[in-house]
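Peer 1: Here it is, the structure in full.
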Amino acid sequence: MADATADPGASGGLQGLGRAVILLGPPGAGKGTQAQRITQRYRVPHLSTGDMFRDNIRRGTPLGLQAKPLMERGELVPDEIVLGMVEDRIAQPDCWTGFLFDGFPRTLAQAAALDQICGRRKLGRTIVLYMAVEQASLMRRLTGRRICKAGGHIYNIYDRPPRRDGICDEDGSELIHRPDDTEAVIKERFAAYDAQTLPLVDYYRVRGVLSSVDAMADADAVTASIRKILDGAIAAQ
Ligand code: AP5
Ligand code: MG
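Going by our numbering, the first residue of the sequence shown is number 1, and it counts up by one from there.
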């Protein structure tokens, strides 16, 4: 997979930023796609709560058993479960100086809890990147998505196909279809997003930390917009 972001001169800038960066957007907005690129360029831990739950489900942990039926229905996992998992993860040494969230926070309660954590840890001003996409194009993105089993590399059978059918270009592993990427479950995920997550746009806007990114553009253009915002924040500190 060609990666327009590969840059041998990339700095470890975001780690030095000492703050949380949040990718906020609906299912299929491209949060995971962009998170992989940002992580590579700025060497910041990529914290996807969805990936953490999927990993727990694979390992059959009690957390995974709690999350599985909810994720299969397209509902959110309760705040206290999500927050416990996130607090444990960001207590790890690689998160001491900053981290990138993909899919968290997703409710006002999660956002308020994160504010408190960042305050306690004296982290810098959070950066929220709101990835706006028209809902009409999201269904095609999600039903066409395929994910590599080994490394989580993201493809799309319509717009970003692998070179060989069903095989990851990066590591040769099998590509899978996420069980919640069926039309019926996607509709439930959209409903959960509209009801519980969309209010975060205003929450962060009134706090002056929200930057909008046109996520309808192609993935390389979206990456360029995000880099501009993050490089600007690094330069300003
Ligand atoms: P999660 O895994 O976070 O799923 P999601 O929010 O529904 O988002 P997706 O992963 O589906 O989309 P994405 O934005 O990452 O898009 P991607 O880059 O893959 O959560 C799953 C579930 O876990 C939730 O439903 C909930 O149950 C639970 N959960 C997780 N976090 C939780 C929390 N905090 N609280 C409570 N519950 C939680 O791209 C999608 C497709 O589009 C790909 O095929 C890609 O190639 C393509 N694409 C990407 N960018 C572009 C572009 N610019 N143009 C064209 N195609 C593109
Ligand atoms: Mg994702």
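For glycine and all other residues, C-beta sits at the position ideal for the given N, C-alpha and C.
Rounded to whole angstroms, what is the Cα-Cα separation between I226 and T197?
Peer 2: Distance between the alpha carbons of I226 and T197: 21 Å.
Peer 1: Could you give the first and the last residue of the continuous beta strand (DSSP E) run that contains L100?
Peer 2: Here the beta strand (DSSP E) through L100 covers F99 to D102.
Peer 1: If you run the structure through DSSP and keep just helix, strand and coil, what is A132?
Peer 2: DSSP places A132 in strand when its eight states are reduced to three.
Peer 1: Which complete beta strand (DSSP E) runs does the stretch 185-217 hold, if anything under 3 residues is left out?
Peer 2: Listed in chain order, the complete beta strand (DSSP E) runs (minimum 3 residues) inside the stretch 185-217 are 210-214.
Peer 1: I'd like the list of long-range same chain contacts for A191, defined as Cβ closer than 8 Å, with 5 residues on each side in sequence excluded.
Peer 2: Answer for A191: G74, listed in chain order.
Peer 1: How long is the line joining the alpha carbons of V128 and T49, rounded to whole angstroms?
Peer 2: Cα to Cα, V128 sits roughly 16 Å from T49.
Peer 1: Quick check on A20: buried or exposed, where buried means 16 or more other Cβ atoms within 10 Å of its Cβ?
Peer 2: So A20 counts as buried.
Peer 1: Classify Y193: buried if its beta carbon has 16 or more other beta carbons within 10 angstroms, exposed otherwise.
Peer 2: When all chains shown are included, Y193 counts as buried.
Peer 1: Does the pairing of the stretch 18-33 with the stretch 196-216 give three or more beta-carbon distances under 8 Å?
Peer 2: In short, these stretches touch, since the Cβ pair count reaches three.
Peer 1: Looking only at its chain, what residues have a beta carbon closer than 8 Å to the beta carbon of D180, apart from the 5 residues adjacent to it on each side?
Peer 2: Same-chain partners within the cutoff: M71, E72, G74, I186 and R189.
Peer 1: How is the beta strand (DSSP E) around V21 delimited, first residue to last?
Peer 2: Counting along the chain, the beta strand (DSSP E) containing V21 begins and ends at A20 to L24.
Peer 1: Can you grab the Cα-Cα spacing for the pair R121 / E80, in whole Å?
Peer 2: Their Cα atoms are separated by approximately 20 Å.
Peer 1: Would you mind working out which of A219, D171 and G18 sits nearest P93, comparing C-alpha positions?
Peer 2: Considering only alpha carbons, the answer is G18.
Peer 1: Please name the residue, chosen from V133, R59, A219 and A91, that lies closest to L114 on a Cα-to-Cα basis.
Peer 2: Closest option to L114, Cα to Cα, is A91.
Peer 1: Check L123 in the structure and name its three-state DSSP category.
Peer 2: L123 falls in the coil class under three-state DSSP.
Peer 1: Thinking C-beta only, is A215 closer than 8 Å to A29?
Peer 2: A contact, by the Cβ cut-off of 8 Å.
Peer 1: On a Cα-Cα basis, can you pick out the residue from A136, D218 and A236 that is closest to Q34?
Peer 2: Here the closest residue by C-alpha is D218.
Peer 1: Can you list, in chain order, the residues of its chain with a C-beta nearer than 6 Å to that of G64? Leave out the 5 residues immediately preceding and following it.
Peer 2: Excluding residues within five positions, the ones whose Cβ falls inside 6 Å are N56 and I57.
Peer 1: Check whether the Cβ of D55 sits closer than 7 Å to any heavy atom of the ligand MG, and report yes or no.
Peer 2: Answer for D55: no, Cβ out of range of the ligand MG.
Peer 1: With DSSP run on the structure shown, which of helix, strand or coil describes L138?
Peer 2: Here L138 sits in helix by DSSP.
Peer 1: Leaving aside the five residues before and after G166 along the sequence, list all residues of the same chain whose C-beta is less than 6 Å from its C-beta, in chain order.
Peer 2: These residues qualify, in order along the chain: L175.
Peer 1: Can you pull the DSSP bridge partners for N56?
Peer 2: N56 pairs with nothing; no bridge assigned.
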